[in-house]
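First comes the structure, then the notes that go with it.
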Amino acid sequence: MRRDGSPLAASQTGPRRGRGSLANKTDLNPEDLSRLHFLLVLLRDAADFVSGLVGEAASGSAPAGVPGSGRWSGPAGAVISRTMTSLTLRPGRPDDAGSLADICYTAFATLNARHHFPPDFPNRDVAAGLMAFLFGNPNVYSVVAEQGGRVVGSNFLWTGDPIAGVGPITVAPEAQGGVGRRLMEDVLARAAERGQPNVRLVQAAFNTTSMSLYTKLGFDVREPLACMNGTPPAVVFPGYAVRPATADDAAACADLCRRVHGHDRTGELMGGVAQGAAKVVVHGGKVVGYTTDLGFFGHSVALDNVALMALIGGAGRISGPGFLLPSRNGEAFRWCLTHGLRVVQPLTLMSRGLYNEPRGAFLPSILF
1 MRRDGSPLAA SQTGPRRGRG SLANKTDLNP EDLSRLHFLL VLLRDAADFV SGLVGEAASG
61 SAPAGVPGSG RWSGPAGAVI SRTMTSLTLR PGRPDDAGSL ADICYTAFAT LNARHHFPPD
121 FPNRDVAAGL MAFLFGNPNV YSVVAEQGGR VVGSNFLWTG DPIAGVGPIT VAPEAQGGVG
181 RRLMEDVLAR AAERGQPNVR LVQAAFNTTS MSLYTKLGFD VREPLACMNG TPPAVVFPGY
241 AVRPATADDA AACADLCRRV HGHDRTGELM GGVAQGAAKV VVHGGKVVGY TTDLGFFGHS
301 VALDNVALMA LIGGAGRISG PGFLLPSRNG EAFRWCLTHG LRVVQPLTLM SRGLYNEPRG
361 AFLPSILF
């Protein structure tokens, strides 16, 4: 029977295609049509909302109401909006350092606190010092994002060596979606213009949004990392002498880096020598390992784990939040833990373009 009491036609008494299906309903009354129209409107609006969420996730931003965050390679969260305020990208200037330090400190602190990890920057002054260093370094390219006339984010590309490194990238919490993606696309275009064969970065493993964004932009996961901190164990390996590096060690260190990685990082090594932080380990009269600094910004290369552990044992201190150890290197990882070092947070080394699997032991910097 129909709702009005009239009988169903014979063709309408057969089996339906499924419960609640409208496939065989050819006699919808005005009330049914109204309800169906209302349902379709709801479905359309829901689809629009989900599409917005997907777009925000692809751009590296977080759902509405989640405060902004940052990462050496993890753009900040931003409020979802269907209307994108005009976004302008421009080269960074030294007078941007103050506002960018505020964004950088807040973004990193917010993200890490949300995941119950200590901040990468203990206070704003440290972030300000980093910004001043970046704008004073001729080998660092900077790009700044503006929305509505306000600075809302930045990104940096380190170009002093054959392999380019990205970071830090941070976006203000009030910025609208897509800022992080645009900032990444800009530095990748810059690297392409320079003809650099590979771009690398390190991101926090707990930041699944940034990992997804970078993968979509062509980056591949290369190494799981553990940020290690504590008091370096004062362990001496017989026959392995650790001493400060000098400019005379540059050629030997470059040869070692090319043997392990397929490229050299002489620019960073000389920076470490100038700062008095770089060290080498010598065995059998040859340089078998070096570090630009045992810490967040330093990288280390060694022929084997003994040389690497000798460098760690002879470092005397760990700078910043810690040094980055590939956790697949079980021997070195266990040695560090056994000697009292602790894991601060997990990170991921990612690369885009040419990549050679390392043929030795190494510690990447926060760039790569």
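Residues 1 to 368 (the working numbering) are what the sequence shown spells out, left to right. Just so it is clear, CB atoms sit at the ideal spot from N, CA and C, and this is done for glycine as well.
- By the criterion of a C-beta distance shorter than 6 Å, A205 is surrounded in its chain by P346, L347, T348, once the five residues flanking it on both sides are discounted.
- In the pairwise beta carbon analysis, the stretch 232-243 is classified as touching the stretch 303-318: at least three pairs are separated by under 8 Å.
- Using a Cβ distance threshold of 8 Å, T159 and Y141 count as a contacting pair.
- Each residue's CA atom was taken as its position, placing V144 and G284 some 49 Å apart.
- Contact check between the stretch 315-334 and the stretch 193-200: fewer than three CB pairs, one atom from each, fall below 8 Å, which does not count as touching.
- In this structure V179 is in contact with G153, their Cβ atoms being roughly 5 Å apart against a cut-off of 8 Å.
- Q275 has its alpha-carbon roughly 16 Å from the corresponding atom of A132.
- According to the DSSP assignment, H283 belongs to the beta strand (DSSP E) that extends over 279-283.
- The beta-bridge partner set that DSSP reports for D220 consists of S351.
- For S365, the closest alpha carbon among the candidates G340, K216, A109, L325 is that of L325.
- Between the stretch 255-275 and the stretch 327-340 there are fewer than three inter-stretch CB-CB distances shorter than 8 Å, so the stretches are not counted as touching.
- The criterion of a C-beta distance shorter than 8 Å is not satisfied by L256 and V281.
- Considered as a whole, the stretch 207-254 harbours 220-229, 241-244 as its complete beta strand (DSSP E) runs of no fewer than 3 residues, in chain order.
- In this structure, the beta-carbon distance from G218 to L367 does not fall below 8 Å.
- In the displayed model, P346 falls within a strand according to three-state DSSP.
- According to the DSSP assignment, A274 belongs to the alpha helix (DSSP H) that extends over 266-275.
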